[in-house]
Structures are given as C-alpha cells and as structure tokens.
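For reference, the structure discussed in these notes is given below.
Protein chains: 2
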Amino acid sequence: MLGRSDAWLKGPTVTIVPSKSREGPAVASPIEVGLNAVIVAVTDETPRILTIRPEVVAARDAVSVESLDYLPSGSLDSIGDRTLELGLRRWVREQTGLDLGYIEQLYTFGDRDRDADGQRRLLSIAYLALARQVEVFGQGSPAWRPIYTYLPWEDWRTGRPAVIDAVIAPGLGEWAAAGTSPSVQSARRDRVEIAFGLGAMTWDPNRVLSRYELLYDAGLVAEAKPSAKDAQLSMSSGSAMPLDHRRIVAASLERLRGKLSYRPVVFELLPEAFTLLALQRVVEALSGMGLHKSNFRRLVEQAQLVERTGELDAPPRGRPAELFRFRREVLRERPAPGVTLPRRFPR
Amino acid sequence: MLGRSDAWLKGPTVTIVPSKSREGPAVASPIEVGLNAVIVAVTDETPRILTIRPEVVAARDAVSVESLDYLPSGSLDSIGDRTLELGLRRWVREQTGLDLGYIEQLYTFGDRDRDADGQRRLLSIAYLALARQVEVFGQGSPAWRPIYTYLPWEDWRTGRPAVIDAVIAPGLGEWAAAGTSPSVQSARRDRVEIAFGLGAMTWDPNRVLSRYELLYDAGLVAEAKPSAKDAQLSMSSGSAMPLDHRRIVAASLERLRGKLSYRPVVFELLPEAFTLLALQRVVEALSGMGLHKSNFRRLVEQAQLVERTGELDAPPRGRPAELFRFRREVLRERPAPGVTLPRRFPR
DNA sequence: TAGGTAAATGCTCGCAGTGAGTATAAAGTT
DNA sequence: AACTTTATACTCACTGCGAGCATTTACCTA
C-alpha cells in the first residue's frame, strides 16, 4: 500500500507490427525522458517542497546559476536505471542527498513544445514523494521551500487569502470580460467561478490544478508571459518556477489533498510518535484549511487510525498531550482509511 | 473538466546541466515510447473494452495473427505527434476507426524488462478513454470485449463471483502458506484479505489493481507463468492479455470506479437521453455491484445531476420511464458531482 | 499553597444523508 | 377485468458530522 514495491510484468517476446501505417515513427528523432520529483515535507505547520538551484545554460551558452527554484530532476538512464522509480531516486540522492521513501507517479508530460532545444523530443515523468524533513546537501544547492510560496492562493488556514481579492479575482474578471464573444465570456466566467469558488460556488480545496491552469491561461502567473515588467505580477501571484515545474507542483498538491481523505498518507510526514494536535496541524497545512479540533479527534480515534503510546509530550506550556502512533493494522480493517475533510472550516 | 483540452506550457529555453554526474545518460540506448488505450463502453449492461488482434512477429520472425486480445497501441511519433494524446488518437483511429472523445492519462510504465527485444528501451503511456459503443473497423481486427472476461472476480452484481471461492481463495491460501517464513506468510495473508475482502475484511470495489497484482504475484493468472499446462488456470482466472495489458485494464477499471463517485463521467457512456434505470445499470456495470433503486434515484435527482426531457421511453413491457439528460450546470454548482456508491449492496 | 492560564480531552445536541423497505401509479398482456 | 411489469413516491430509523460547551491536567505565579 504505502510500500515502494512495483513488481512488474515480463511479457513474451512479441512486437506489434506497426500495422501498415505511414512512414512509421521508428526512424523519428530521439526521445529523452526526464524524471521530476516533487518532494513534500511539513515542518512548523508549513508544507514544503525540496528545490534545487542548478547551473543552467541559457540559449546562447552563457553559464550561470539559475535564480529560479527547480524541482530535482534528471534524465532516465535507459541502460542503467532498471525502473523509472530507481532512476528518480538516484537523481534525488545525487542532487539533494536525500533517500526517498514513499513515492508515487504523478503524470507524464510530453507536448512537443516542452522540448528544450528543438532537437530531441523531451518527455517528463513527474513523481510525488513524501518525506520527513531532514537536512539536505548535494550538487544542486537544495533547499526546502514553503509550497504556498508558489501557490499562495491555496492557503486558507487563516481565512481567505488576500491575494485572491487583491489580484486574482480582478485579473480573472478582466480576462473573462476580454473574451471574443459573449459565449466565450460566459464560459470563462464559469471556469473562474468553479475554480476559485467565486459567485455562488464554494471553495473546493482539491481543484489546485485547474486553478493554476486557469491563472496560466489568463496570463496571471509569470510563466505565462516571461516579460520583465511582470515581475510585480510574479510577486503577487506567487513565485515562478522554470518550465512547467510549478504546474507539476500544483498537480502534486492536488493529488496529495485528494489522497488524504482515503489513504493514511499523512503518517509518512510525521515522526513515529506524535500528538493528535500535531497530526491535525499537518492535515491542515496540506489541505490549506483549519479543522474543528474535537471533531478531528473523534474522527481519527474512532477510525482507529492511531493508538496510544502511553508517553506524554513535553510542551512549553499547557497540559501535555498524549503521544500516539499510526496503527498499521488499519490497512487490514477499513476499506479506505484516511482523514475525511469537512466542506467548510472554522478558525 | 470533461473536455479534451490540455493546453500546455512553453518553457524558456534553458537546459539543466547534468550536474557533474557520471557519464550522463544522454548517450544511452534509444528510448521508444508506446501509447496504449483502454477504451471503455457499456452496452447490454456489460462494460466492454476495445481490443485488437494485430499481426505479430514472434521471436524467430514467424508472422501470424495473435490469438490474444491487445489494447490498441502504437509508438509515439516524436516529430509528427504534437501531443501524446494526439498520437494516441491517431493510433486508435487507424487501428479501430474510432474517434475518441473523453481521454485521461493513466500511468506510465517503464521497467527495463518490458523491452520487447532487449535493444531499445520501451516506455508505455497508458490512457483511459470513454466512448459510446459504435461499430469498429480498421486494421487491427477490433472488437468490443466484456471487461469482466479479463477480470471475472470483479463482477459482484449477481452476488459473490464463483471464481473466488472455487479458484482464487484456495490458490491464494496456498501461496500465503508457501511463504518462506512465518512473517512472510502473515504478510501474504494480510495482503490477500485486504485485496479480496476475505476474513473480516469487506470487499472494496476500488482495489482492482492490487487484486490483479496479487494474483500475478501468486502465479494465478496466465501472464505470470506462460506455460502450456496453465491453460486451465487461465480459463478460470480470466482471459490473459499480452505483455502488461491486463494490468493496464485493471488500473483503468480502478480509476474509473474511483472517479464515478466524484466526477460525472458516467454520462460519457450514455446517449443524450436515458432513463434513470439505464443510468443505474451503467453505474452498476462499472462498479460491479447492484444498487438500491429508490435510493439511487433519490441520490441522482437531489444531486441535480440530471433534468427531465419530458419525453418517455418505449419499453417492450411495463410502465414507460421518463427520459432524462445530464445537467451540465452541475459542474458550476457542486464541488464534486458524482454518483456516490454505497458500501454494501442488495440484489 | 491557592489561583490563574493554556492546552488537552470529553460530552451533547441537532441536522442531513443514507440504507432499507413499502405503497402507489401507469402502461401493456391475458 | 385481473394480472404483470416497471416507474415513481414516500416513510422511518440510524449514523455521521458540524458546532459548541464543559471538564481535566499540567505549569506558572503570587
């Protein structure tokens, strides 16, 4: 379940004959496969991703250290890497010194325009990894950065993010109004309302990806139009990332939020023993919304996701809380164990 | 949402320098990218997938028509195919004559051993597509085959499938008992109980993939050990497919079942107008379980997923039912519209 | 040592959703 | 006219969950 096994099939040695098709793509240009990792940890009630600052070669061979945050990534070694996952682990170890635990494949990107230099076709396979935050080193100047640096509109824990009313809502309104026909305008308005919970809609924490894509389409994130005068915009609508890395981060957060409610993934991010409040804070950090304390306790306890250790926490003040641990047996008992999230939120 | 757009990002032209790594995989063997399609339709209350019977070249260049059912697939044309999805659509059109509508990417497989001939590295990107069943033609001898031909243990509509108690449960029991140590045996038993809802566990319709993988690991599907004397086994535990195609089908069914409950995907499989019972039958066919009629109606109606057309059905006998259509406006109103599935089932 | 503070832990109430069953309506068939 | 078949409507009990309030347990300070 949470394991890292991916036992795989060896097929019989047959090849499908490209059924009398056109010239046949066998002679086409070489394909390069990139592996990207979104590595998530939570510390200080802040969800973070591991980024690097690699050396880059700009179009005209000028070498410098990039100022943008990259996702750890590298090319698949088609001979040396037995599996895609192993290739990813190898690159992450090399660039950040981190040995990954939980990994899951996210998505494969392969549009022709993603190609770096126009020579070879570039495919990218993105992975989501969960880790407990540790010190990082390695050849990529790795650093843990708060994920809401890149997606500031996603953090509703202290209420509706200011950036929405200040920048996003007006920006998207203009974009919708700029549609070439009334029907386009109306479709755009719908899309805006659904994604950001404006109008009569409610905010759905899970629509992370469609929100980012909407902002991209509307030209409200720096990646959409990399011109100098949009630095201001970049600031207010989150930090940019190179290529499509920020979209991959959005996809990861969406996947993670979705998974929270039906698989016990949170525990990959917590130490062996933790208080219920700590658990709650991690869930809140990832889902981006505050939760009702007693109800959260009730939920977690009666779902038997955790068991008491008997140990107590040693807090700076207040009554010490009991330490709990994840009850792995839950996997054998309940069909879809996870932390169900409510629709609305207090706090 | 249900659209087929996948607008994508053009990044700035920078290349990550493979940070002083080893030899660098740029000079490795060429990588070939395959695209596989699991195309699902429902007719006669039976979920079906579109398969082909291509000509194949066996290891020693003997040409014949394969007796196994293949998924429509083909290689990515790294120059001609602008996006992966377009490449897939092209191949499906060629092999089956079908123009696909709803498509979503499933998973990318890339273990080294999947390679056909050991020369070039083979990567496969699998897609799930939904279609209304139509006549198919084209160069691949296409045919719609019931999906439960390949996964017979997944259909619980008329009660617990006989194959489970007859073949699967005993077979998995033996496999678990054959573990090399008590802890391995116990872990295997756990895995069996979770996947198939044996012991105290309940059947979880969504664990399609782990069930197939378990059967594979236990050697209970023909793909696991392609020896002649297992033809019997093959019959009883479902029809085999080449390579990892059956696993891909399992992954598709899992994805589809999961998605039913929070996205209105069923309507991709139904005609414009349909009766509520027809809708229910399709959901049952896919989820593999019977549903309570009145409760299903109530659910669908009060979720406002459908609206009345005013038209009536013309059934061979019994009272004619009203025809409904999908209310696209739900997408604007509810955060996660779908057909919630109950835990247990009558019938 | 008593009182105050901060946090953990426990309890209750009311509403909405859902499982299960029953009753009635509308068509065709015998 | 009685019967069959299917659609449609309604009821009722139970569970889960949102929300708020009450109590307990530690440490700190006067």
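Residue numbers (my numbering), protein chains in the order written: chain H, 78 to 424; chain S, 78 to 424.
Even glycine gets a Cβ: it sits at the ideal position worked out from N, Cα and C.
Put S:PRO89 into one of helix, strand or coil per three-state DSSP. The count along the second sequence starts at 1 and reaches residue 89 of chain S at position 12. Residue placement at S:PRO89 is poorly supported in this model, since its pLDDT is 32, which falls under 50; the coordinates still yield a value, given next. Correct three-state label for S:PRO89: coil.
Chain S residues whose Cβ lies nearer than 8 Å to that of H:GLN182: Within the first sequence, numbered from 1, the residue matching residue 182 of chain H stands at position 105. In chain order: TYR184, THR185.
State the DSSP-derived secondary structure class of H:PHE186, mapped to helix, strand or coil. As a working mapping, residue 186 of chain H is identified with position 109 in the first sequence. Here H:PHE186 carries a strand assignment [DSSP, helix/strand/coil].
Taking CB distances under 8 Å as the criterion, tell me whether H:VAL60 reaches chain S. Here chain H comprises residues numbered 78 to 424, so residue 60 of chain H is not present and cannot be evaluated.
Is the CB of H:PRO341 under 8 Å away from at least one CB in chain S? Looking up residue 341 of chain H in the first sequence gives position 264. So no, H:PRO341 is outside the interface.
How about S:VAL407: is its C-beta nearer than 8 Å to some C-beta of chain H? For the purposes of this step, residue 407 of chain S is taken as residue 330 along the second sequence, with counting starting at 1. Among the residues facing chain H, S:VAL407 is not included, as its CB has no counterpart in that chain under 8 Å away.
So which residues of chain H does S:PRO107 contact, with C-beta pairs closer than 7 Å? Along the second sequence, read from residue 1 onward, the residue named residue 107 of chain S stands at position 30. Those within 7 Å of S:PRO107 in chain H are PRO107.
Step through the CB atoms of chain H and report whether any lies within less than 8 Å of the CB of S:THR120. Here residue 120 of chain S refers to the residue found at position 43 when the second sequence is read from its first residue. Taking Cβ atoms only, chain H never reaches closer than 8 Å to S:THR120, which makes this a no.
Distance, Cα to Cα, S:VAL342 vs S:ARG324? In the second sequence, counting from the first residue as 1, residue 342 of chain S sits at position 265. In the second sequence, counting from the first residue as 1, residue 324 of chain S sits at position 247. Roughly 22 Å separates the two Cα atoms.
What ranges does the alpha helix (DSSP H) occupy inside the stretch 299 to 372 of chain H, keeping only unbroken runs of at least 4 residues that lie completely in it? Considered as a whole, the stretch 299 to 372 of chain H harbours 308 to 313, 322 to 337, 353 to 364 as its complete alpha helix (DSSP H) runs of no fewer than 4 residues, in chain order.
Within its chain, find whatever has a CB closer than 8 Å to the CB of S:ARG404; leave out the 5 residues flanking it on each side and keep chain order. To locate residue 404 of chain S, count along the second sequence from 1; it is residue 327. Around S:ARG404, the same chain offers GLN381, LEU382, VAL383, GLU384 as residues with beta carbons nearer than 8 Å, after the five sequence neighbours per side are excluded.
Can you name the residues that DSSP bridges to H:LEU207? Position 130 of the first sequence holds residue 207 of chain H. Beta-bridge pairing links H:LEU207 to H:VAL117, H:TYR179.
Contact list for H:ARG159 against chain S, beta-carbon separation under 9 Å: For this step, residue 159 of chain H is matched to residue 82 along the first sequence. What H:ARG159 touches in chain S: ASP188, ARG189, ASP190.
Quick check on H:LEU389 - is its C-beta less than 8 Å from some C-beta in chain S? Within the first sequence, residue 389 of chain H is the residue found at index 312, counting from 1. Among the residues facing chain S, H:LEU389 is not included, as its CB has no counterpart in that chain under 8 Å away.
Span of the alpha helix (DSSP H) holding H:GLY164? The residue given as residue 164 of chain H occupies position 87 in the first sequence. Run containing H:GLY164: 161 to 173, per the alpha helix (DSSP H) assignment.
Collapsed DSSP secondary structure at H:SER201 in the structure displayed: For the purposes of this step, residue 201 of chain H is identified with residue 124 of the first sequence, where counting begins at 1. Note: H:SER201 maps to strand in three-state DSSP.
Taking only beta-carbon atoms, is H:ILE245 less than 8 Å away from chain S? As a working mapping, residue 245 of chain H is identified with position 168 in the first sequence. Residue contact with chain S for H:ILE245: absent (no Cβ-Cβ distance below 8 Å to any residue of chain S).
Go through its chain and collect everything with a Cβ distance to H:GLY248's Cβ below 7 Å, but skip five positions before and after it. Taking the first sequence and counting its residues from 1, the one referred to as residue 248 of chain H is at position 171. Hits under 7 Å: ALA295, LEU297.
Quick check: the Cα distance between S:TYR204 and S:ARG189, rounded to an integer number of angstroms? Along the second sequence, read from residue 1 onward, the residue named residue 204 of chain S stands at position 127. Along the second sequence, read from residue 1 onward, the residue named residue 189 of chain S stands at position 112. In a straight line, the C-alpha of S:TYR204 is about 20 Å away from that of S:ARG189.
Min CB distance H:SER338 to chain S below 8 Å: Taking the first residue of the first sequence as position 1, residue 338 of chain H is located at position 261. H:SER338 has a beta carbon lying at 8 Å or more from every beta carbon in chain S.
Does the distance from the C-beta atom of H:VAL285 to that of H:GLU331 stay below 8 Å? Taking the first residue of the first sequence as 1, we reach residue 285 of chain H at position 208. Taking the first residue of the first sequence as 1, we reach residue 331 of chain H at position 254. H:VAL285 places its beta carbon less than 8 Å from that of H:GLU331.
On the DSSP bridge list, what partners appear for S:GLY111? For the purposes of this step, residue 111 of chain S is taken as residue 34 along the second sequence, with counting starting at 1. In the DSSP output, where bridge partners are listed per residue, S:GLY111 has S:SER152, S:SER201.
Using the three-state DSSP reduction, which class does H:ALA246 fall into: helix, strand or coil? Here residue 246 of chain H corresponds to residue number 169 of the first sequence, with the count starting at 1. DSSP places H:ALA246 in helix when its eight states are reduced to three.
For chain S, check one thing: does any of its Cβ atoms lie closer than 8 Å to the Cβ of H:SER155? Here residue 155 of chain H refers to the residue found at position 78 of the first sequence. Under the 8 Å criterion on CB atoms, H:SER155 is classed as interfacial with respect to chain S.
For S:ALA264, does the count of other Cβ atoms within 10 angstroms reach 16, so buried, or fall short, so exposed? What you label residue 264 of chain S is simply residue 187 of the second sequence in a count that begins at 1. S:ALA264 is exposed by the Cβ-count criterion.
Under the three-state DSSP convention, the category H:PRO397 falls into: In the first sequence, residue 397 of chain H corresponds to position 320, counting from 1. Coil at H:PRO397, not helix or strand.
Please check if any C-beta of chain S sits within less than 8 Å of the C-beta of H:VAL169. As a first step, residue 169 of chain H is located in the first sequence; it is residue number 92 there, counting from the start. H:VAL169 has a beta carbon lying at 8 Å or more from every beta carbon in chain S.
Return the bridge partner residues of S:TRP221 from the DSSP annotation. Position 144 of the second sequence, counted from the first residue, corresponds to residue 221 of chain S. According to DSSP, which records beta bridges pairwise, S:TRP221 is partnered with S:LEU127.
Please go through the stretch 265 to 304 of chain H and give each complete alpha helix (DSSP H) segment of 4 or more residues, from N-terminal end onward. Along the stretch 265 to 304 of chain H, the alpha helix (DSSP H) occurs as fully enclosed runs of 4 or more residues at 285 to 294, listed in sequence order.
Of the residues that make up the stretch 270 to 281 of chain H, which ones have a beta carbon closer than 9 Å to any beta carbon in chain S? Cβ contacts with chain S come from GLU270, ILE271, GLY274, GLY276, ALA277, MET278, THR279, TRP280, ASP281.
Does the stretch 239 to 257 of chain H come within contact of the stretch 355 to 374 of chain H, defined as at least 3 CB pairs closer than 8 Å? No, the stretch 239 to 257 of chain H is not in contact with the stretch 355 to 374 of chain H.
Top-ranked residue by Cα proximity to H:GLU181, from H:LEU175, H:LEU163, H:HIS322, H:GLY157: Sequence index remark: in the first sequence, residue 181 of chain H carries index 104 (1-based). Considering only H:LEU175, H:LEU163, H:HIS322, H:GLY157, the residue with the shortest C-alpha distance to H:GLU181 is H:LEU163.
Does any CB atom of chain H fall closer than 8 Å to the CB of S:LEU363? Stepping through the second sequence from its first residue, residue 363 of chain S is reached at position 286. No, its Cβ sits nowhere closer than 8 Å to a Cβ of chain H.
Thinking S:THR337 and S:SER364 are a contact (beta carbons under 8 Å), I'd like their distance in whole angstroms, please. Working through the second sequence from its first residue, we reach residue 337 of chain S at position 260. Working through the second sequence from its first residue, we reach residue 364 of chain S at position 287. In the sequence as presented, Thr is not what sits at residue 337 of chain S; that position holds Leu. Contact holds; Cβ gap of about 6 Å.
For H:GLU251, does the count of other Cβ atoms within 10 angstroms reach 16, so buried, or fall short, so exposed? By 1-based counting over the first sequence, the position of residue 251 of chain H is 174. With fewer than 16 other Cβ atoms within 10 Å, it is exposed.
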